[in-house]
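The listed protein sequences derive, respectively, from chains A and G. Counted the way the numbering used here counts, the first sequence spans residues 1 to 384. Counted the way the numbering used here counts, the second sequence spans residues 385 to 517. Below: the structure, in structure tokens.
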Amino acid sequence: MRDVAVVGIGMDKWGELWEKDLRDLYVEAALLAIDDAGVDHVDSMYVGCMTSGLFNAQEHLGSIMADYLGMNPIPATRIESACASGGIAVRMGFMEVAGGFSDIVLAGGVEKMTDISGDGATFALATACDQEWEAYNGVTFPGLYAMMARAHMHKYGTTREQLAMVAVKNHANGYHNPNAQYRMKITVKDVINSVKVAEPLNILDCSPITDGAAAVILTTVENARKLGKPIVRIIGSGQATSTIALHSRSDLAGMDATRFAAEKAYKMAGKTPKDIDLAEVHDCFTIAELIVMEELGFVEKGKSGPAVEAGETAIGGRIPINTSGGLKSKGHPVGATGVAQVVALVEQFRCEKGECQVEGAKVGLAQNMGGSGGSCVVTILEAE
Amino acid sequence: MSFESVTPPRYARYIPQRYRLEAGYCKECDRYYFPPRKVCACGCSEMEIRKLPDEGELLTWTIIHTPGSQFQDQRPFALGIVELAPGARITTQIADTPFEDIKIGMRLKVEFRKIQSVGEGGVLAYGYKVVSV
């Protein structure tokens, strides 16, 4: 297996971007990544996207994106694993370069979510849960995470305030990210008093509906040195699944796919949770970040709420999480999110984060999951 | 959006589960699957069809304030995960129960109810909801 490095990153402003369509978003991020890497060609490409069919009535994204990048006839493959589509696109690119099938791979993700109504978006996103046995009966994604939150509060005594503190921290970080969708600082009181979505979760516990894309260029470490780029290696990659329906899981306050994916990634990287300097995790809802912290081994089961309250995951804390603002503040164009997490880690290693810089960070972890946790991919990066 | 329609074939296919709570049962590990499936996680593929008990325990719950378009007329509504038998859990609305009375661990009973109105014609789709015992 060949050593693989991330040599190019590309991401533009995220938000409600009415003037841009699906292909504009992907192509812009891809061109930024290609320019950043300084490569003159790409051998193969991936497009992470959850549901352009429902959001934009457009499938067949491999062809359209390669076409609009002027890259026909290279192979281009669309990856779908709900909100984990982007992270898995990066993993596929990593495997293709590591396996020797291609030398330079573009791995990007995109979602264009604001062309349809809020109700329509709620429906489209709910296709990532079990359509017949969850959605048919009226559950929504906030509803599923709300039930996890209630189970976590009941089992471990996690408080409403601790949930809110996740959002407060991520907005404090996103305030400094020029590409973030919602760059405003919020307070615990703001979160608790915001509009109810699915109790106990309010609107400020939820990641937003976002248009956006992100892309990375992957190549061999040998090639990266020739390009004169700072070396950021992918040293671990793990992927796992769990049941599609939340109700089928033995622990409603846990996420076993994240635990299994992390175990694989740690083993491959030869690292433990203690070796991780910072992480970008899938905070689609505030409760998600808490459960994920536990499943990644950053804290013991049930201790994530107190850890956030003690500032352990803030910048300057023991393990800074979501220094980019996370899904909560940066936005969550579902297919792009997993790629943007890798972009955020590389920016940290390149010391480009200004106010949010984690000094001396060398090892970072990205955790990206689909649905209510039915799929997960964990990527570990190390800077030289 | 036409995708939201519960079409007649799709509706008819799930009548044994939505009307009668028919589940798969694995004798090897004394475990139920709802809906039935071909294989058990233990590897056994000899599943028997058994009707689930119509009473169970509430494991977790929420109150949905922003539902999908088919449920707008019912907002806000309570919804939870109820365990009816080992391994067999349902995600279902908790009907006719004041929100302040809902508690994890409470006993709930399954009833046959209208679930949603489908399409522009508003055709009714049925299934199960739970009420307090």
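Backbone N, C-alpha and C define an ideal beta-carbon position, used for all residues, glycine too.
Check	Outcome
Quick check: what's the CA-CA separation for Met207/A versus Ala180/A?	Position check: residue 207/A holds Ser in this sequence, whereas Met was assumed. Cα to Cα, the separation comes out at about 12 Å.
State buried or exposed for Met1/A, treating a residue as buried only when at least 16 other CB atoms are found within 10 Å of its CB.	exposed
How is Gly118/A classed by DSSP in three states: helix, strand or coil?	helix
What do you get for Ile399/G, buried or exposed, if any count of 16 or more other CB atoms within 10 angstroms of its CB means buried?	exposed
Using a Cβ-Cβ cut-off of 6 Å (strictly less than) and excluding sequence neighbours within five positions of Met385/G, which residues of its own chain qualify?	Note on Met385/G: pLDDT 43, under 50, position unreliable in the model; the coordinate value appears next. Hits under 6 Å: none found.
Here's a check: name, in chain order, each residue in its chain whose Cβ is nearer than 6 Å to the Cβ of Gly297/A, leaving out the five neighbours to either side.	Pro273
When DSSP builds the beta bridges, which residues end up paired with Glu199/A?	Ile447/G
Where are the beta strand (DSSP E) runs, 3 residues long or more, that stay fully inside the region 64-96 of chain A, in chain order?	76-79
Quick check on Arg404/G: does DSSP put it in helix, strand or coil?	helix
Under the three-state reduction of DSSP, which class applies to Glu28/A: helix, strand or coil?	helix
Skipping 5 residues on each side, what residues in its chain have a beta carbon closer than 7 Å to that of Leu508/G?	Lys498, Ser501
Could you check how far apart the C-beta atoms of Asp43/A and Met113/A are, in whole angstroms? I think they sit under 8 Å.	Wrong, their Cβ atoms sit about 30 Å apart, outside the cutoff.
Have a look at Tyr156/A and Val377/A and give me their C-alpha separation to the nearest angstrom.	26 Å
Answer yes or no: do Ala198/A and Gly118/A have a C-beta to C-beta separation smaller than 8 Å?	no
Where does Tyr403/G land, buried or exposed, given buried means 16+ other C-beta within 10 angstroms?	exposed
Can you tell me which of the three DSSP states Asp36/A falls into?	helix
Do you know whose CA, among Trp133/A, Ala30/A, Lys20/A, lies nearest Ala76/A's CA?	Ala30/A
Under the rule that 16 or more other beta-carbon atoms within 10 Å means buried, what is Met184/A, buried or exposed?	exposed
Would you call the CB atoms of Val90/A and Ala107/A closer than 8 Å?	yes
Is the Cβ-Cβ distance between Val334/A and Met50/A less than 8 Å?	yes
Counting only Cβ-Cβ distances shorter than 8 Å, please list the residues of the region 171-197 of chain A near chain G, keeping chain order.	Val195, Lys196, Val197
Using a Cβ cut-off of 8 Å, which residues of the region 345-372 of chain A contact any Cβ in chain G, in chain order?	none
Between the Cα of Val346/A and the Cα atoms of His176/A, Ser304/A, Ile217/A, Glu161/A, which residue gives the shortest distance?	Ile217/A
Grouping DSSP H, G and I as helix and E and B as strand, with all else coil, what is Asp43/A?	coil
Can you name the residues of chain A whose CB is closer than 7 Å to the CB of Phe496/G?	By Cβ distance, chain A contributes nothing, its closest Cβ being about 13 Å from Phe496/G, past 7 Å.
Any idea which residues DSSP pairs Val507/G with across the strands?	Val502/G
Does Tyr510/G have its Cβ less than 8 Å from a Cβ in chain A?	no
Using only the alpha-carbon positions, how far apart do Met293/A and Phe141/A sit?	20 Å
Output yes or no for whether 8 Å exceeds the beta carbon distance between His449/G and Pro460/G.	yes
Let me check understanding here. Comparing Cα to Cα, which of Tyr266/A, Gly311/A, Lys330/A lies closest to His282/A?	Lys330/A
So what does DSSP say about Arg249/A, is it helix, strand or coil?	coil
Quick one: which chain A residues come within Cβ less than 7 Å of Ser453/G?	Asp119, Phe123
On the DSSP bridge assignment, give the partners of Glu111/A in chain order.	Gly212/A
DSSP three-state call for Asn322/A: helix, strand or coil?	coil
Does any CB atom of chain G fall closer than 8 Å to the CB of Pro208/A?	no
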